[in-house]
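If you want this note's numbering, it's the position in the sequence shown, counting the first as 1, plus 298.
Data first, discussion second: the structure below is written as structure tokens.
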Amino acid sequence: MSEPIDPGPEPDPVPDPLEVLPIPPPPSATSEDAGEGWDELMKVLDRVPFVSGLKRDIAKLNRLVYQRRPPRLLAVGTPQCGRSQLLNALLGGPVLSVDPARVQSGAPGWHPLEGRGKHVDWAELSLGSDVESSVQAGRAIVDERKPDSVLLVLTPEDVARGLGHHLELAGRVLDRARKEGPTSLFIVLSKIDTLPPEHAAAPFPVAKLDAIAAVKSELRKQLNEAAVQPDGVYAVATPTPAEQRLEIGPVGLEDLAECLVKKLPPPAQVEAARAFPGAAASRRRVANDVVRCSSTLAITVAITPLPLSDVAVIAPLQVMMVTTLAYLSGRAWDRKTAGEWMMSAGLVSGAGFGLRWGAQQAVKFIPGMGSILSAGIAGMGTLALGRAALKYFLDAPAEV
Numbered sequence: 299m300s301e302p303i304d305p306g307p308e309p310d311p312v313p314d315p316l317e318v319l320p321i322p323p324p325p326s327a328t329s330e331d332a333g334e335g336w337d338e339l340m341k342v343l344d345r346v347p348f349v350s351g352l353k354r355d356i357a358k359l360n361r362l363v364y365q366r367r368p369p370r371l372l373a374v375g376t377p378q379c380g381r382s383q384l385l386n387a388l389l390g391g392p393v394l395s396v397d398p399a400r401v402q403s404g405a406p407g408w409h410p411l412e413g414r415g416k417h418v419d420w421a422e423l424s425l426g427s428d429v430e431s432s433v434q435a436g437r438a439i440v441d442e443r444k445p446d447s448v449l450l451v452l453t454p455e456d457v458a459r460g461l462g463h464h465l466e467l468a469g470r471v472l473d474r475a476r477k478e479g480p481t482s483l484f485i486v487l488s489k490i491d492t493l494p495p496e497h498a499a500a501p502f503p504v505a506k507l508d509a510i511a512a513v514k515s516e517l518r519k520q521l522n523e524a525a526v527q528p529d530g531v532y533a534v535a536t537p538t539p540a541e542q543r544l545e546i547g548p549v550g551l552e553d554l555a556e557c558l559v560k561k562l563p564p565p566a567q568v569e570a571a572r573a574f575p576g577a578a579a580s581r582r583r584v585a586n587d588v589v590r591c592s593s594t595l596a597i598t599v600a601i602t603p604l605p606l607s608d609v610a611v612i613a614p615l616q617v618m619m620v621t622t623l624a625y626l627s628g629r630a631w632d633r634k635t636a637g638e639w640m641m642s643a644g645l646v647s648g649a650g651f652g653l654r655w656g657a658q659q660a661v662k663f664i665p666g667m668g669s670i671l672s673a674g675i676a677g678m679g680t681l682a683l684g685r686a687a688l689k690y691f692l693d694a695p696a697e698v
């Protein structure tokens, strides 16, 4: 992703939003500047009485946006179980800029994958004939970087042979990872399209659905016997590149993508929701969280009784909110996109922004009630901008 656009000289007290187009920094960038900006914001909030509860709520915005990083996914399974193909399907196509030979060889280690603006940290762990060697390789991966989620990828043949070694490896790797914090476990039954009748494409006929249900039933039985309680069990079919050219799509990916994003820690949710096309509901949920937290923060900052004290915070906050929603949608954030959005929202050259800001500052001079009225204007103005951006970028009604 490109570096943030330089906004140029110091803006006027009421900036034209088209002149301030900060693109969220790429996940690989240092968060030092964002951390310093957040510290300054917290200093402003420290001047407001009875704000400790709000600060805890607003901390979610910090985790979602300013601490943003790629999700860390560790896929465990036998060679040729379909792990790399699963990730490609989750990402909506072959977008991985990584050496395929290294991944397919089962070499341990994390691979930062980037393509078409999507960012995922991915590692694969192969189950070999020597379980102890596989466990040691898994521990090395976990010690290098704790995974957010472990995906145990199984084929129908794996289930038929028994999952003892698979569950032992996944369990010991999870135990290691969970010493550093929560790590979710997903069981992914892959290659269900190979079950009889093999050449039946989705939507699957009854005979194939019955075969899938039988394998899932046996899978759950073995999980129960091993006292393994995953965060989700999903049956999926991921098309090969040749099948994709024939417009054969994946099966069962949307539910997996949604649950993956939901179980991730907040700092990884923005990147995951952007990366997985099937996670539409999660994108809307994360976007609503950003709008709600931004509105709360605008209200809190506007409570400060001094005129002009919040312009340096609320204006960039609103721009950050809109650019984050644009980023979630996968659209490029540039002057053209910003102009189109502002026209759709009824804003022309920042005039609407300026009027709201001017009213907000003027009411602060009203004795007693000024700051309360100012906070209401700031909060409703931010909420209105967020709703407009939600509708434009995500094509969904706001739920805030």
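Think of the CB as a built atom: it goes at the ideal place given N, C-alpha and C, for glycine as much as any other residue.
The structure presented is a predicted model; accordingly, all values stated were derived computationally and were not measured.
Helix, strand or coil at residue i [DSSP, three-state]
i           : result
residue 432 : helix
residue 632 : coil
residue 583 : helix
residue 420 : strand
residue 409 : strand
residue 534 : coil
residue 507 : helix
residue 329 : With a pLDDT of 44 at residue 329, under the threshold of 50, the modelled position of this residue cannot be trusted, and the question is left open.
residue 427 : coil
residue 574 : coil
residue 550 : coil
residue 691 : helix
residue 482 : strand
residue 627 : helix
residue 372 : strand
residue 526 : coil
residue 592 : helix
residue 683 : helix
residue 562 : coil
residue 461 : coil
Beta-carbon proximity list for residue i, same chain, < 7 Å, skipping 5 on both sides
i           : result
residue 455 : none
residue 361 : 564 and 565
residue 629 : 635 and 691
CB contact flag (residue i, residue j, <8 Å)
i           : j           : result
residue 554 : residue 532 : yes
residue 687 : residue 623 : yes
residue 529 : residue 465 : no
residue 585 : residue 467 : no
residue 551 : residue 526 : no
residue 419 : residue 369 : yes
residue 367 : residue 569 : yes
residue 536 : residue 383 : yes
residue 461 : residue 520 : yes
residue 596 : residue 581 : no
residue 573 : residue 556 : no
residue 459 : residue 408 : no
residue 387 : residue 501 : no
8 Å contact criterion, which residue i and residue j should meet: CB distance rounded
i           : j           : result
residue 437 : residue 381 : Their Cβ separation, rounded to whole angstroms, is 19 Å, which puts residue 437 and residue 381 out of contact at 8 Å.
residue 445 : residue 385 : About 13 Å separates the two Cβ atoms, so there is no contact after all.
residue 506 : residue 495 : 6 Å
residue 358 : residue 389 : In fact, because the Cβ distance is near 26 Å, the residues do not count as touching under 8 Å.
Contacts around residue i, its chain only, beta-carbon distance under 6 Å, and the 5 residues preceding and following it disregarded
i           : result
residue 375 : 381 and 451
residue 627 : 691 and 692
residue 620 : 687
residue 678 : none
residue 649 : Any reading at residue 649 must be qualified, since the residue scores a pLDDT of 36, below 50, and its modelled position is unreliable; the value itself is stated next. Within the same chain, residue 649 has no close Cβ partners at all.
residue 421 : 372, 408 and 439
Own chain residues within Cβ distance below 8 Å of residue i, not counting five before or after
i           : result
residue 695 : Low local confidence applies: a pLDDT of 47 at residue 695 is under 50, so the model's placement there is unreliable, with the coordinate-based value given in what follows. Only 688 and 689 meet the Cβ criterion.
residue 481 : 444, 445, 446, 447, 448, 472 and 475
Check: residue i C-beta below 7 Å from any heavy atom of the ligand PLP
i           : result
residue 624 : Because no ligand of any kind appears in the structure shown, any question about the ligand PLP cannot be addressed here.
| field | Three-pair Cβ contact test at 8 Å for the region 586-597 versus the region 677-685 | value | Three or more beta-carbon pairs separated by less than 8 Å link the region 586-597 to the region 677-685, which places the two stretches in contact.
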